[in-house]
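K.L.:
Below are the structure tokens for one structure; questions will follow.
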């Protein structure tokens, strides 16, 4: 079942970032009151001081990016220590900037020093408040993440202790499998669908990594390696710190933290605008379908969405009512007798996909992402195409990189499906909000070409 609360763990880092921004700005404002306000009333900081506070708060929160990625782990004292170190470094960078621009004499040195000290207090208070708030939420059942540990017991001792000592973090160990038991790793992942898989490796174990990754090739979990020094030689993988433990992100969803919030804002904004602008087209299409063939206006079918969860995907009905054997999905072909005359036009122009903007507003789909495949196709192609299930690390999309590159519509051969999956994985590995905008702008051109849509 689709569960947006369980999937919102990275929201904590975004909230902490905003809280730090407010703490830094508030520290500057309080320091100004301490320095310049009289006993009778507060005073508004001068425009130059206000601008300096805002600019410093923005730059400091950007500068502290690694601190936010470290948010999910470690003891409270360690988290507070990191944010204080980060703020002190940002404050020193501010002083250097003022000196280099010959503006240091413009601002009160007392105010700047008091700002440093007061902000340390506000940052600590904010961090403590969020720490205990998140701990309470997780005790109440929110933001829990199922964790599978892979490796020898001795290698995983530290991880086990950290998880046990940080119950507030939301990590629940649901199983441990030996590194050598590849079949058990694949079976456990398929049956229990953990949210995270952490693989503990010793230097002598690195030859086993390929077999483990192959066993998890269809997993939608975030896969992280607990490496020794040898593992730092792995190329093209990001790093993260969870529970204070450095990890190589071997296979992790690109949608996290502020990136996820920006993509969601784009999704909801574009979907709302399109439904508003296309309301007359939607009404005329619905009327045409109803008047030209018996049956419902909309067609809905289950698909595997984000993290493999089953979701309902909506389309305008383009075929006559018919029944297929369970587990069998026949793709539309040229001159397909099942397609109605109005349905053929809708499929050719992709107007049948317009109801999926509703799916976007429901939080089930995105404007840009891998296209939905039938459940039967997913089950079949997972056995034939390596890393096929990686496409489910993000929300399904109304349009996608594969579609604007020519892989739109029917994929009647294995080669065509492999090409589509290759482009879907390219999208995951190179995702940015600019890539999403590029795909949105190029989609009308792909629709005009109208290739392979029946």
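Residue numbers (this note's numbering): 1033 to 1486. Ideal placement from N, C-alpha and C gives every residue a C-beta, glycine not left out.
(1) Touch check for the region 1389-1407 and the region 1315-1324: three-plus C-beta pairs under 8 Å?
(2) Distance check for residue 1050 and residue 1395, CA to CA, integer angstroms please.
(3) Pull up the distance between the alpha-carbon of residue 1234 and that of residue 1111, whole angstroms please.
(4) Is residue 1220 buried or exposed, if buried means 16 or more other CB atoms sit within 10 Å of its CB?
(5) Distance, Cα to Cα, residue 1130 vs residue 1058?
(6) Among all the DSSP beta bridges, which residues are the ones paired with residue 1351?
(7) Could you compute how far the alpha carbon of residue 1283 sits from the alpha carbon of residue 1180?
(8) In terms of DSSP beta bridges, what is residue 1254 paired with?
(9) Could you compute how far the alpha carbon of residue 1113 sits from the alpha carbon of residue 1242?
(10) Residue 1344 to residue 1279, Cα distance in whole Å?
(11) Does the beta-carbon of residue 1430 have 16 or more other beta-carbons within 10 angstroms, so that it is buried, or is it exposed?
(12) Can you tell me where the alpha helix (DSSP H) holding residue 1415 begins and where it ends?
(13) Here's a check: name, in chain order, each residue in its chain whose Cβ is nearer than 7 Å to the Cβ of residue 1146, leaving out the five neighbours to either side.
(14) At what residues does the alpha helix (DSSP H) containing residue 1333 begin and finish?
(15) Which same chain residues end up closer than 6 Å to residue 1419 when comparing Cβ atoms and leaving out the 5 residues on each side of it in sequence?
(16) Mind checking residue 1435: buried by the 16 CB within 10 Å criterion, or exposed?
(17) So, using beta-carbon positions, are residue 1423 and residue 1465 closer together than 9 Å?
(18) Any contact between the region 1152-1159 and the region 1116-1128? By contact I mean 3 or more CB pairs, one from each, below 8 Å.
(19) Would you kindly work out how many angstroms separate the C-alpha atoms of residue 1186 and residue 1192, rounded to a whole number?
(20) Classify residue 1344 as helix, strand or coil using the three-state DSSP reduction.
(21) In angstroms with no decimal places, state the Cα-to-Cα distance between residue 1330 and residue 1285.
(22) Within 10 angstroms of the Cβ of residue 1189, are there 16 or more other Cβ atoms? Answer buried if so, exposed if not.
(23) For the structure I just gave you, are there three or more beta carbon pairs, one from the region 1395-1412 and one from the region 1332-1349, closer than 8 Å?
(24) Mapping the DSSP letters down to three states, classify residue 1268 as helix, strand or coil.
P.N.:
So, from the listed chains and residues:
(1) no
(2) Reading the chain shown from its first residue, position 363 is the one you call residue 1395. Reading the chain shown from its first residue, position 18 is the one you call residue 1050. So the two alpha carbons sit approximately 23 Å from each other.
(3) For the purposes of this step, residue 1234 is taken as residue 202 along the chain shown, with counting starting at 1. For the purposes of this step, residue 1111 is taken as residue 79 along the chain shown, with counting starting at 1. The alpha-carbon atoms of residue 1234 and residue 1111 are separated by roughly 28 Å.
(4) For the purposes of this step, residue 1220 is taken as residue 188 along the chain shown, with counting starting at 1. Residue 1220 is buried by the Cβ-count criterion.
(5) Taking the chain shown and counting its residues from 1, the one referred to as residue 1130 is at position 98. Taking the chain shown and counting its residues from 1, the one referred to as residue 1058 is at position 26. Computed Cα separation, rounded: 21 Å.
(6) Numbered from 1 along the chain shown, position 319 holds the residue referred to as residue 1351. 1371, per the DSSP bridge assignment.
(7) Here residue 1283 is taken as the residue at index 251 of the chain shown, counted from 1. Here residue 1180 is taken as the residue at index 148 of the chain shown, counted from 1. Near 14 Å, if we compare the C-alpha coordinates of residue 1180 and residue 1283.
(8) Translated into the one-based positions of the chain shown, residue 1254 becomes position 222. The partner list for residue 1254 (beta bridge, DSSP) reads 1228.
(9) Within the chain shown, numbered from 1, the residue matching residue 1113 stands at position 81. Within the chain shown, numbered from 1, the residue matching residue 1242 stands at position 210. Rounded to whole angstroms, residue 1113 to residue 1242 spans 38 Å at the Cα level.
(10) The sequence position of residue 1344 within the chain shown is 312, counting from 1. The sequence position of residue 1279 within the chain shown is 247, counting from 1. When rounded, the distance between both Cα atoms is 35 Å.
(11) The residue given as residue 1430 occupies position 398 in the chain shown. Buried, since its Cβ has 16 or more Cβ neighbours within 10 Å.
(12) For the purposes of this step, residue 1415 is taken as the residue at position 383 of the chain shown. Careful: residue 1415 lies outside any alpha helix (DSSP H) and carries neither H nor E.
(13) Locating residue 1146 in the chain shown gives position 114, counting from the first residue. So the qualifying residues of the chain are 1063, 1066, 1067.
(14) Position 301 of the chain shown holds residue 1333. Premise fails: residue 1333 lies in the beta strand (DSSP E), 1330-1336, not in any alpha helix (DSSP H).
(15) For the purposes of this step, residue 1419 is identified with residue 387 of the chain shown, where counting begins at 1. If we look at residue 1419 and ignore the five residues flanking it on each side, its Cβ neighbours are 1249.
(16) The count along the chain shown starts at 1 and reaches residue 1435 at position 403. Counting Cβ neighbours within 10 Å, residue 1435 comes out buried, since at least 16 surround it.
(17) The sequence position of residue 1423 within the chain shown is 391, counting from 1. The sequence position of residue 1465 within the chain shown is 433, counting from 1. Cβ distance not < 9 Å, so residue 1423 and residue 1465 don't count as in contact.
(18) yes
(19) The residue given as residue 1186 occupies position 154 in the chain shown. The residue given as residue 1192 occupies position 160 in the chain shown. Cα to Cα, residue 1186 sits roughly 10 Å from residue 1192.
(20) Within the chain shown, numbered from 1, the residue matching residue 1344 stands at position 312. Three-state result, residue 1344: strand.
(21) Taking the first residue of the chain shown as position 1, residue 1330 is located at position 298. Taking the first residue of the chain shown as position 1, residue 1285 is located at position 253. Looking at the two C-alpha atoms, the distance is approximately 32 Å.
(22) Residue mapping note: residue 1189 aligns to position 157 of the chain shown, counting from 1. Its Cβ having fewer than 16 others within 10 Å, residue 1189 is exposed.
(23) yes
(24) Position 236 of the chain shown, counted from the start, is the residue given in the question as residue 1268. With a pLDDT of 46 at residue 1268, under the threshold of 50, the predicted position of this residue should be treated as unreliable, though the coordinate-derived value follows. The answer is coil: DSSP assigns residue 1268 none of H, G, I, E or B.
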